[in-house]
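One structure below.
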């Protein structure tokens with residue numbers, strides 16, 4: 028069914044992105060705190076900023092794992108789509124507030140672009156999610 | 417063992433549909449905000465002087481001052497003399513997002529320019545710990561001066577903040593090497609600031625007291 032395929036594709040793409048950013052964030056924290064592999068820091072922040080980056084990266088990896096479960100069993104993990112929708116909308120609101128604060132002016136329109144992508148993905152999770160009564164995907 | 421069949425209870429679909437429509441409306445609203453929020457504080461390419469009778473005019477000497485910066489050092493007008501200088505009077509560095517955005521814009525425009533000195537003058541009543549966090553977080557290469565010398569009064573820019581404390585009208589002055597004012601931009605509202613490109617494009621070589629050349 029195209030709807031199941033699109034839903035799984037969206038979940039897979041989101042999981043891939045979250046895995047990538049989660050991995051980079053965790054690597055950034057490990058590099059700053061322990062190993063100093065890279066010649067220059069990955070992020071322009073201090074030790075506590077790296078700690079928060081590491082925590083966020085861990086959360087993203089866990090979230091990606093939940094989304095992989097959605098890809099494998101869409102009907103049994105519908106709640107993950109709901110949580111992901113809430114998370115994406117919250118992320119979009121936070122980015123808009125960050126843009127409006129003026130403190131992140133040097134990011135240009137990146138925050139607005141991210142916000143728009145998050146909202147489109149949230150709409151995808153809302154409308155592509157299979158209803159409870161649907162038969163299981165082949 | 418006998419196999420038991422569990423029949424799931426019938427779940428009404430109406431709340432799901434209502435939830436979907438609600439989330440969709442929220443997303444559409446936020447999407448419109450995303451598209452429109454860019455107009456909140458775009459840099460203004462037009463030079464304005466909304467208080468022309470207040471303070472020194474273009475071509476006159478900028479008033480002398482002696483103010484302390486965030487590190488505690490005393491900065492005087494002579495410290496910014498000798499090259500192009502920009503003096504920016506800000507109402508606050510806390511509750512005005514456009515002010516913070518404009519300073520970050522200016523810092524970006526000035527990247528690599530070591531011949532320009534920038535002094536940001538903050539009303540002493542607005543020099544709160546929250547306000548002083550901004551320059552410390554962003555490491556801007558500007559002098560951040562707290563006005564405990566009455567400079568803002570002498571410039572005729574004193575006003576009241578929304579909470580009743582003393583504040584200032586937003587203003588931008590471009591000074592030449594002799595501290596004469598080459599450009600003056602004064603506004604009543606801090607929502608819009610003069611675009612950094614226009615600040616830097618101030619003609620430093622033309623004498624503003626003479627008539628402009630014929631077209």
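Residue numbers (the numbering used here), protein chains in the order written: chain A, 28 to 165; chain B, 417 to 631. Beta carbons: idealized from backbone N, C-alpha and C, even for Gly. No experiment lies behind these values; they were computed from the predicted model shown.
Could you please tell me which residues of the stretch 112-139 of chain A, in chain order, have their CB closer than 8 angstroms to any CB of chain B? 112, 116, 119, 120, 123, 126, 127, 128, 129, 130, 132, 133, 136 and 139
Euclidean distance between Cα positions of residue 560 of chain B and residue 31 of chain A: Locating residue 560 of chain B in the second chain gives position 144, where the first residue counts as 1. Locating residue 31 of chain A in the first chain gives position 4, where the first residue counts as 1. Near 58 angstroms, if we compare the C-alpha coordinates of residue 31 of chain A and residue 560 of chain B.
What residue does the beta strand (DSSP E) around residue 574 of chain B start on, and which one ends it? As a first step, residue 574 of chain B must be located in the second chain, where it is residue number 158. First-last of the beta strand (DSSP E) with residue 574 of chain B: 574-576.
Which residues bound the alpha helix (DSSP H) around residue 569 of chain B? Taking the first residue of the second chain as position 1, residue 569 of chain B is located at position 153. 567-570 is the extent of the alpha helix (DSSP H) around residue 569 of chain B.
At least one CB of chain D closer than 8 angstroms to the CB of residue 146 of chain A: is that the case? No chain D is part of this structure, whose protein chains are labelled A and B.
Please list, in chain order, all residues of the same chain as residue 548 of chain B whose beta carbon is under 8 angstroms from its beta carbon, the five residues on each side excluded. On the second chain, position 132 is the one that residue 548 of chain B refers to. Cβ neighbours of residue 548 of chain B beyond the five flanking positions: 486, 509 and 560.
Identify each residue in the stretch 82-106 of chain A for which the Cβ-Cβ distance to at least one residue of chain B is less than 9 angstroms, and report them in chain order. none
Which residue's Cα is closest to the Cα of residue 566 of chain B: B:530, B:484, B:557 and B:457? What you label residue 566 of chain B is simply residue 150 of the second chain in a count that begins at 1. Looking at the Cα atoms, B:484 is the closest of the given residues.
Are any of the Cβ atoms in chain B nearer than 8 angstroms to that of residue 153 of chain A? In the first chain, counting from the first residue as 1, residue 153 of chain A sits at position 126. Yes, its Cβ sits closer than 8 angstroms to a Cβ of chain B.
Can you say whether residue 140 of chain A is buried or exposed, counting buried as having 16 or more other CB atoms within 10 angstroms of its CB? Against the first chain, residue 140 of chain A aligns to sequence position 113. Answer is exposed; the Cβ neighbour count stays below 16.
CB-CB under 6 angstroms to residue 501 of chain B, same chain, minus the five flanking residues each way: which ones, in chain order? Locating residue 501 of chain B in the second chain gives position 85, counting from the first residue. Contacts found: 533 and 591.
Which one of A:58, A:64 and A:85 has the shortest CA to CA distance from residue 73 of chain A? Start at 1 with the first residue of the first chain, and residue 73 of chain A comes out as number 46. Of A:58, A:64 and A:85, the residue nearest in Cα terms is A:58.
Residues of the stretch 537-555 of chain B in Cβ contact with chain A at a cutoff of 7 angstroms, in chain order, please. none
Alpha-carbon to alpha-carbon, residue 556 of chain B and residue 40 of chain A: Position 13 of the first chain, counted from the first residue, corresponds to residue 40 of chain A. Position 140 of the second chain, counted from the first residue, corresponds to residue 556 of chain B. If you take the alpha carbons of residue 40 of chain A and residue 556 of chain B, they lie about 39 angstroms apart.
Where does residue 489 of chain B land, buried or exposed, given buried means 16+ other C-beta within 10 angstroms? Taking the second chain and counting its residues from 1, one reaches residue 489 of chain B at position 73. With fewer than 16 Cβ atoms within 10 Å of its Cβ, residue 489 of chain B is classed as exposed.
Minimum Cβ-Cβ distance from residue 66 of chain A to chain B less than 8 angstroms: Here the question's residue 66 of chain A lines up with position 39 in the first chain. Not an interface residue.
With DSSP as the reference, label residue 591 of chain B as helix, strand or coil. The residue labelled residue 591 of chain B in the question sits at position 175 within the second chain. Three-state DSSP puts residue 591 of chain B in a strand.
Does the beta-carbon of residue 531 of chain B have 16 or more other beta-carbons within 10 angstroms, so that it is buried, or is it exposed? Start at 1 with the first residue of the second chain, and residue 531 of chain B comes out as number 115. Exposed, by the Cβ-count rule.
Using alpha carbons as the reference points, say which of B:585, B:482 and B:543 lies closest to residue 505 of chain B. Along the second chain, one-based indexing puts residue 505 of chain B at 89. With distances taken between Cα atoms, residue 505 of chain B lies closest to B:585.
DSSP on residue 506 of chain B, reduced to helix/strand/coil? The residue given as residue 506 of chain B occupies position 90 in the second chain. Correct three-state label for residue 506 of chain B: coil.
For chain B, check one thing: does any of its Cβ atoms lie closer than 8 angstroms to the Cβ of residue 150 of chain A? Against the first chain, residue 150 of chain A aligns to sequence position 123. Yes - at least one Cβ of chain B is within 8 angstroms of the one on residue 150 of chain A.
When the Cβ atoms of the stretch 124-137 of chain A are set against those of the stretch 79-91 of chain A, are three or more pairs found closer than 8 angstroms? no
Rank B:479, B:434 and B:574 by C-alpha distance to the C-alpha of residue 497 of chain B and give the top, closest one. Locating residue 497 of chain B in the second chain gives position 81, where the first residue counts as 1. Nearest C-alpha to residue 497 of chain B: B:479.
In whole angstroms, what separates the C-alpha of residue 605 of chain B from that of residue 29 of chain A? For the purposes of this step, residue 605 of chain B is taken as the residue at position 189 of the second chain. For the purposes of this step, residue 29 of chain A is taken as the residue at position 2 of the first chain. Looking at the two C-alpha atoms, the distance is approximately 53 angstroms.
How close, in whole Å, do the beta carbons of residue 562 of chain B and residue 583 of chain B come, if the pair is a contact with beta carbons under 8 angstroms? The residue given as residue 562 of chain B occupies position 146 in the second chain. The residue given as residue 583 of chain B occupies position 167 in the second chain. Incorrect: roughly 13 angstroms between the Cβ atoms, too far for contact.
Can you find at least 3 beta carbon pairs, one from the stretch 605-616 of chain B and one from the stretch 458-473 of chain B, that sit closer than 8 angstroms? yes
What residues from chain A crowd round residue 505 of chain B, counting only those whose CB sits closer than 7 angstroms? In the second chain, residue 505 of chain B corresponds to position 89, counting from 1. The contacting residues do not exist; residue 505 of chain B stays about 17 angstroms from chain A at best.
Kindly list, in the order they appear in chain A, the residues whose Cβ is closer than 8 angstroms to that of residue 453 of chain B. Translated into positions along the second chain, residue 453 of chain B becomes position 37. Chain A residues near residue 453 of chain B: 123, 126, 127 and 139.
Beta strand (DSSP E) containing residue 483 of chain B: first to last residue? Walking along the second chain from the start, residue 483 of chain B turns up at place 67. It spans 482-485 - the beta strand (DSSP E) in which residue 483 of chain B sits, taken as one unbroken run.
Note the first and the last residue of the continuous alpha helix (DSSP H) segment covering residue 152 of chain A. Residue 152 of chain A sits at position 125 when you count from the first residue of the first chain. Unbroken alpha helix (DSSP H) run through residue 152 of chain A: 137-155.
Verify the CB distance criterion: does residue 447 of chain B have a CB-CB separation below 8 angstroms to chain A? Residue 447 of chain B sits at position 31 when you count from the first residue of the second chain. So, interface residue.
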